[in-house]
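Residue numbers (our numbering): 9 to 444. Accompanying notes for the structure given below.
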Amino acid sequence: MLPFSRPLAYCGAALLTLSFASSGQAQTLSNQQIASVFGEGATDLTGSSVKLPQFTFAIITNATHALYSLNSSSQSFQVGWMGVGSGTAMANADFLISWPNPDGINGPAATPWTISHRSSTGGEAQPVVASTASATSTASFYTFLPELSTNSSASYTAVSFLRLLEAPSNYPSTSSFKSLNRNGPNSFIYASSTVQPGSSEEGAVITQHNQASPIPRQQKWRSVTNAFHATGALDDLARLEQAPVCASLALVLFAPIAVLLARFLRGSTWYPSHAALNALAGILVLVAFALGVHSVRGEHFDGTHQRLGLIIFILVMLQILLGAFAHSRPVQPSPAGRLPTLSKKSPFRLFHIVLGVAILALGWVNVHEGFEQWEKSSDAQTEVPMGAKIVFYILIALFAAAYVAGWVLEAMGSNRPSKTDDGQKHAEKIGSHTSP
Numbered sequence: 009m010l011p012f013s014r015p016l017a018y019c020g021a022a023l024l025t026l027s028f029a030s031s032g033q034a035q036t037l038s039n040q041q042i043a044s045v046f047g048e049g050a051t052d053l054t055g056s057s058v059k060l061p062q063f064t065f066a067i068i069t070n071a072t073h074a075l076y077s078l079n080s081s082s083q084s085f086q087v088g089w090m091g092v093g094s095g096t097a098m099a100n101a102d103f104l105i106s107w108p109n110p111d112g113i114n115g116p117a118a119t120p121w122t123i124s125h126r127s128s129t130g131g132e133a134q135p136v137v138a139s140t141a142s143a144t145s146t147a148s149f150y151t152f153l154p155e156l157s158t159n160s161s162a163s164y165t166a167v168s169f170l171r172l173l174e175a176p177s178n179y180p181s182t183s184s185f186k187s188l189n190r191n192g193p194n195s196f197i198y199a200s201s202t203v204q205p206g207s208s209e210e211g212a213v214i215t216q217h218n219q220a221s222p223i224p225r226q227q228k229w230r231s232v233t234n235a236f237h238a239t240g241a242l243d244d245l246a247r248l249e250q251a252p253v254c255a256s257l258a259l260v261l262f263a264p265i266a267v268l269l270a271r272f273l274r275g276s277t278w279y280p281s282h283a284a285l286n287a288l289a290g291i292l293v294l295v296a297f298a299l300g301v302h303s304v305r306g307e308h309f310d311g312t313h314q315r316l317g318l319i320i321f322i323l324v325m326l327q328i329l330l331g332a333f334a335h336s337r338p339v340q341p342s343p344a345g346r347l348p349t350l351s352k353k354s355p356f357r358l359f360h361i362v363l364g365v366a367i368l369a370l371g372w373v374n375v376h377e378g379f380e381q382w383e384k385s386s387d388a389q390t391e392v393p394m395g396a397k398i399v400f401y402i403l404i405a406l407f408a409a410a411y412v413a414g415w416v417l418e419a420m421g422s423n424r425p426s427k428t429d430d431g432q433k434h435a436e437k438i439g440s441h442t443s444p
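Given below as structure tokens:
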């Protein structure tokens, strides 16, 4: 939040660029809620959401209409107002400002929300109501959706409304950004405050200062950039949510267990279990990759998380083939020594070991990257649970400790049967061998 130099004045604008796509498009709206507006089985829907400092802004569109949703993790009495404006700067923006109706909070009211369509008066001055005439009022162009909006008893705050993509000829606005473009980027500015207007009237004065600060501070119209592309049916959203579950099971659970089995088990028991778990992990990675690719209808691999996922997918497929090939190669038993696992092994087997550890490391990094990306495109109700993060980091720590312990114990020496690549037993006493 940035201080203003004078009361009730805006200090500049900030740009939010959206082109509609599947990325997090329903983070503030469930599939059921979207279907309640556009119909069950609706296809050709596009949209996205972006998490802003005080609220999440989401838009879902079909061929004719756009569904706007503004969602805050705070309760309604903590929300002053939330605003978005079509445009690149305050001087030429078309504003939609909404706030919980004070009457709705403190007593009975026809609607718990006020939605105010406003136009710029130039520069950084406070926007004014676009029209007071009944034929061109806010309600004539923006339909409030109470079923997708909250009241004062909710644990969070949300408001949703519907508008036409193409603004009618009588749409009252001085802005050149009146309509939305489904096939290209759309520019928005946004702002919010923790102080509510003193009235439910559309033209109420917007008092802008942050009550959390000892010195009155006001919220600037600011920007973030989030690019989106076209999406298909609502089922794509479910696929997008299922992909990280499959990938996490593969790279955080099954593959690490497979590695530890190969590290600690000996004789003929290690390989079948190791191979089966890795095969299961490989299938899950393949499913996760397919779900992720299929759920995005626009440009693919346009972010760090997506590109790293592609690299991991290729490496996992290579690793499975390499493991099968290395196991088929005849290898001499490990000689007695400090690290027999690394002695006289097939180069393919050694590369298989190193690549396996590298894949796990990359997978964990990408899971963490996925946590970060999810939270950037979701609201507080859909953030990655802290419990899930804690379990993730505990599993990594346990695996790392067990894996290092396996190498340490081997280096220290102990009586145990060794293993070859075909699982045959060979008695040896590690540590009894001396170099010539």
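Here a beta-carbon is modelled for each residue, glycine too, at the ideal position from N, C-alpha and C. Because the structure is a prediction, the values reported are computed rather than measured.
- Judged by beta-carbon spacing, L368 lies within the 8 Å limit of V267, meaning their Cβ atoms are closer than that value.
- Contact between V92 and G211 is absent: CB atoms are separated by about 18 Å, not below the 8 Å threshold.
- Of all C-beta pairs linking the region 59-68 to the region 138-145, fewer than three are shorter than 8 Å, placing the two stretches out of contact.
- Between the region 189-209 and the region 148-158 there are fewer than three inter-stretch CB-CB distances shorter than 8 Å, so the stretches are not counted as touching.
- Counting other Cβ atoms within 10 Å of its Cβ, H308 stays below 16 and is therefore classed as exposed.
- By the Cβ-count criterion, E132 is buried, with 16 or more other Cβ atoms from all chains shown falling within 10 Å of its own Cβ.
- For K59, the uninterrupted beta strand (DSSP E) segment begins and ends at T54 to K59.
- Three or more beta-carbon pairs separated by less than 8 Å link the region 66-77 to the region 160-168, which places the two stretches in contact.
- DSSP, reduced to helix, strand and coil, places V213 outside both helices and strands of the structure shown, so it counts as coil.
- Per DSSP, the unbroken beta strand (DSSP E) holding S106 starts and ends at D102 to P108.
- A99 and N70 have their alpha carbons spaced roughly 29 Å apart.
- Residue environment: T122 is assigned as buried (16 or more neighbouring CB atoms within 10 Å of its CB, all protein chains considered).
- In summary, A270 is buried, with 16 or more beta-carbon neighbours lying within 10 Å of its beta-carbon over all protein chains present.
- In this structure, S84 sits away from I105, with a CB-CB distance that is not shorter than 8 Å.
- When DSSP states are grouped into helix, strand and coil, S276 belongs to the coil group.
- Note on geometry: alpha-carbon atoms of H360 and G378 lie some 26 Å from one another.
- As the crow flies, the alpha-carbon of R315 is around 50 Å from that of S207.
- Within 10 angstroms of the beta-carbon of T158 lie 16 or more other beta-carbons, which makes it buried.
- Separation of V375 and A298 (C-alpha to C-alpha, rounded to the nearest whole angstrom) is 17 Å.
- Burial is judged here by how many other beta carbons sit within 10 angstroms of a residue's own beta carbon; R274 has fewer than 16 and is exposed.
- Apart from sequence neighbours up to five positions away, the residues of its chain that approach L403 with a beta-carbon distance below 8 Å are V260, L261 and P264, ordered along the chain.
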